[in-house]
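Line order of the protein sequences matches chains U and X.
Using the UniProt record's numbering, the first residue of the first sequence is number 1, and each one after it goes up by one.
Using the UniProt record's numbering, the first residue of the second sequence is number 1, and each one after it goes up by one.
C-beta atoms are modelled at their ideal positions from N, C-alpha and C, and glycine is treated no differently.
Since the model is a prediction, treat every value here as computed from it, not as a measurement.
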Amino acid sequence: MQALIVFVIGLAFVAQAASAETAYISNEQDNTVSVIDGSTLSLVATIPVGRRPRGIGLSADKQKLYVAVGDDNRIDVVDLKTRRLEGSLPSGEDPELFVLHPDGRRLFVANENDNLVSVLDIPERRIMTEVSVGVEPEGMGVSPDGRFVVNTSETTSMLHVIDAKTLELVDNVLVGTRPRVAQVSADSKQIWVSSELRGTVEVFDADTREPLAKVGFQVPGIARELIQAVGIQLAPDGSRAYVALGPANRVAEVDAKTFEVVCTYLVGQRVWHIALSPDGKRLYTANGNSSDVSIIDLESQEVVKTVGVGRSPWGIVVAP
Amino acid sequence: MRAILVFLGMLLTAPAWAEDATVTIAVVSQERDPVQPVSPLDREVNDEGVAGARLGIADNGTTGKFMGQRFTLVEQMIPKGGNPADTIRLIAAKGIRFVVADLDASVLQAAASDPQARGMLFLNSRAPDDELRNESCLANVVHTAPSRAMLADALAQYLMAKRWRKWFLVTGNTPGDKLRAEAYRRAAKRFGAEVVAEKEWTFKPGHARTDTGHVTLQSEIPALTQVRDHDVLIVADEASEFGDYLPGRTALPRPVAGTHGLVTTAWSAVSEQWGATQLQARFEKMAGRRMNAVDYAAWAAVRAVGEAAIRTRSTDPSVVVAYLRGPDFALSGFKGQGQSFRPWGGQMRQPILIAGPRLLVSVSPQAGYLHQGSELDTLGADREESRCRP
């Protein structure tokens, strides 16, 4: 009997722990954001936004969702309580990915068509400045200590490092072809960059920009050209990195210390961006060609659920 | 005293340090008769190919400027009846080693086999001839334009995916049309389709736009297409003399594919996937029109040289060429996969677009056509089939 009670309490605890989180997914073709409830792992809402939503992120207080709507040349703001579009912010032309500076005030936005990174002052709703980078800027990351912002340019194949204070370009590093995503580690000491065409992830020392490692991926039965690295998520404790492998329909788990691939997960088709739950125990993946989201339980190392969302899911973020 | 000398030496060498290393690429075209487009929606184009090369140089420059490399383009035109060797001599005199060849097969062969061309790399951006990649292949030529076999195989894979197996082949008068038809027959055999009927287009080209020109076509085409039942009409009309007249006029209500209707091509004005929107926008801004397959092949040729120079951090032609032709090379060609050169025949592997007149329909290789190396090698002559012995 006692065991049963413990079991029941345990169940309740698990349910409660999981119920806190909510995943938001931008559907590039549908002009909507899908909402997945983390406790039931089901689709609970679909929010209409502007045209061609891609980059997606939370406000500092986690009460608002920012969605880059490229074809409308703006960033939409969704109130997460009402789940309604409450307004928009200027972004410069064709915003794709963006990142919120730890100051909670500035949004760094990649303008894909204009070879710029726009720096947006959110409360003042104005573009403070534009930083010229390479052709087709896309990946955006910021160091948690707030010192620098990183950007990648797809056609120029470069990692650009921007001083977050002076807003000047401090370095340009040649990286693997068609870099898609750049992320800075939790300790602000490493920059991780994915190369879509090479199917690799390069890791750089954040201060010296010296290469530390290059991670390659292999999936039995899948041709080299179809193993493409896109989204990256770094575990907050620095132990793991997760990499979306695009048309290989896999997500790789990488030991972030040894840079070895630990395992791969079979997810939906053409997985774009991925997002960790706040507790780091789950990974949500936006699968562009199968129009669904795979949810991976990282403790048991298995895909536990696939949830259908809108057409061409692209960006993804998980709120507590 | 010695200190002064060292200082003077530094002064003398300083400009050389400051100057970027330069890679010069020539794009060689041949004078062509102006072509009046069949459709009033199309404009006469007079910078086809060259415009793509110019964009390629600009794109190379964006990485180059961060890497201390400069890329320049030299544009040369071989006049009608001119000797390709004269142009090659001119290019050699300038010390240029990379040549984008916007040339027909015979002119390309003459240029690339000239003794002065020995140390050059030619990148064929126009001629689709399979022979250039097989029996007549040259050691100093690679091809960014797809071969006829690739275009035909790409169509066959798609039509098999659609289960449109019975083909009615209509072939034009030019030697290119005959070779294209041969490529379709080969592809049909290779992928399990059947050419159930064949006809040759023998009418004189291009009078449909005269007043009520459609009346003659409306009687001619049903007569020509009165053949046994088929799933799809495949047209081989490389010069675009009649293909556009076929849709909507055939005896049986069947789709048209091949060089017209549903076309297979290295590039199309309608492509906007895999980041193509950005490439299209850059091209349109520069050239004032949409990019076509000839522009694309010239762009890819210039970009391939640029990518190899940037990755090797070298302007030494032998280093650049070795990397370009090697296994580590991958060009981002806005078609969803890295594009590299086959060691046999020098053909650039690339996805082939299946495009309708207004939107993209599909891209080959189709799912399920597997290959032990690259799935892109299911299009065109594979290693075992290659007849290239340079």
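{"Query": "Pick from Q109(X), T174(X), L169(X): whose alpha carbon is nearest that of A188(X)?", "Result": "L169(X)"}
{"Query": "Taking G275(X) as the query, report the chain U residues whose CB atoms sit under 7 Å from its CB, ordered along the chain.", "Result": "E136, E154"}
{"Query": "Using beta carbons (cut-off 9 Å, strictly below), is P313(U) in contact with chain X?", "Result": "no"}
{"Query": "Whose Cβ in chain U lies nearer than 7 Å to the Cβ of D59(X)?", "Result": "V135, T155"}
{"Query": "Taking the runs of the beta strand (DSSP E) that are 3 residues or longer, which of them lie wholly in the segment 208–244 of chain X?", "Result": "232–236"}
{"Query": "Measuring only between beta-carbons, confirm whether R282(X) sits less than 9 Å from chain U.", "Result": "yes"}
{"Query": "Return the chain-ordered list of same chain residues with a C-beta closer than 7 Å to the C-beta of L90(X), the five sequence neighbours on each side being excluded.", "Result": "Q76"}
{"Query": "Would a check of beta-carbon distances place T285(U) closer than 9 Å to chain X?", "Result": "no"}
{"Query": "Name, going along the chain, the residues of the segment 60–90 of chain X whose beta-carbon falls closer than 7 Å to a beta-carbon of chain U.", "Result": "T62, T63, F66, M67"}
{"Query": "If you count every other CB in all the chains shown that lies within 10 Å of the CB of K257(U), and 16 or more means buried, which is it?", "Result": "exposed"}
{"Query": "How about A193(X) and A161(X): do their beta carbons lie closer than 9 Å?", "Result": "no"}
{"Query": "Got a sec: is the Cβ-Cβ distance from G336(X) to anything in chain U below 9 Å?", "Result": "yes"}
{"Query": "Please report the straight-line C-alpha distance between F329(X) and K81(U), rounded to a whole angstrom.", "Result": "50 Å"}
{"Query": "Do you know how far the Cα of A117(X) is from the Cα of L234(U)?", "Result": "52 Å"}
{"Query": "Would you identify the three-state DSSP class for G55(U), choosing helix, strand or coil?", "Result": "strand"}
{"Query": "What residues match up with G338(X) in a beta bridge as DSSP calls it?", "Result": "S332(X)"}
{"Query": "Assign K335(X) to buried or exposed, taking buried as 16 or more other Cβ atoms, counted over all protein chains shown, within 10 Å of its Cβ.", "Result": "buried"}
{"Query": "Could you round the C-beta distance between A248(U) and L212(U) to whole angstroms and report it? I think they count as a contact, below 8 Å.", "Result": "Not really, about 24 Å apart at Cβ, beyond 8 Å."}
{"Query": "For S332(X), which residues in chain U fall below 9 Å Cβ to Cβ?", "Result": "E154, T155, S157, T177, R178, E196, L197"}
{"Query": "Can you give me the C-alpha to C-alpha distance between E196(U) and P179(U), rounded to a whole angstrom?", "Result": "6 Å"}
{"Query": "DSSP three-state call for F203(X): helix, strand or coil?", "Result": "coil"}
{"Query": "Between the segment 104–123 of chain U and chain X, which residues of the former have a C-beta closer than 9 Å to a C-beta of the latter?", "Result": "E112, N113, N115"}
{"Query": "If contacts are defined as beta-carbon pairs under 8 Å, then R290(X) and M67(X) qualify, I think. What distance do you get, rounded to the angstrom?", "Result": "The pair is not a contact, with the Cβ atoms about 30 Å apart (cut-off 8 Å)."}
{"Query": "Does the segment 295–307 of chain X come within contact of the segment 52–72 of chain X, defined as at least 3 CB pairs closer than 8 Å?", "Result": "yes"}
{"Query": "Which residues in the same chain have their Cβ closer than 7 Å to the Cβ of R358(X), if we skip the five residues on either side of it in sequence?", "Result": "V270"}
{"Query": "Cα-Cα, which of G280(U), G199(U), Y265(U), V49(U) is closest to S294(U)?", "Result": "Y265(U)"}
{"Query": "Would you report the Cα separation of E168(U) and E253(U), rounded to the nearest angstrom?", "Result": "34 Å"}
{"Query": "Taking G261(X) as the reference, which of G248(X), W267(X), L252(X), Q273(X) has the closest Cα?", "Result": "G248(X)"}
{"Query": "If the cut-off is 7 Å on Cβ atoms, which residues from the segment 244–265 of chain U count as contacting chain X, listed in chain order?", "Result": "none"}
{"Query": "Return no unless some Cβ of chain U is closer than 9 Å to the Cβ of I310(X).", "Result": "yes"}
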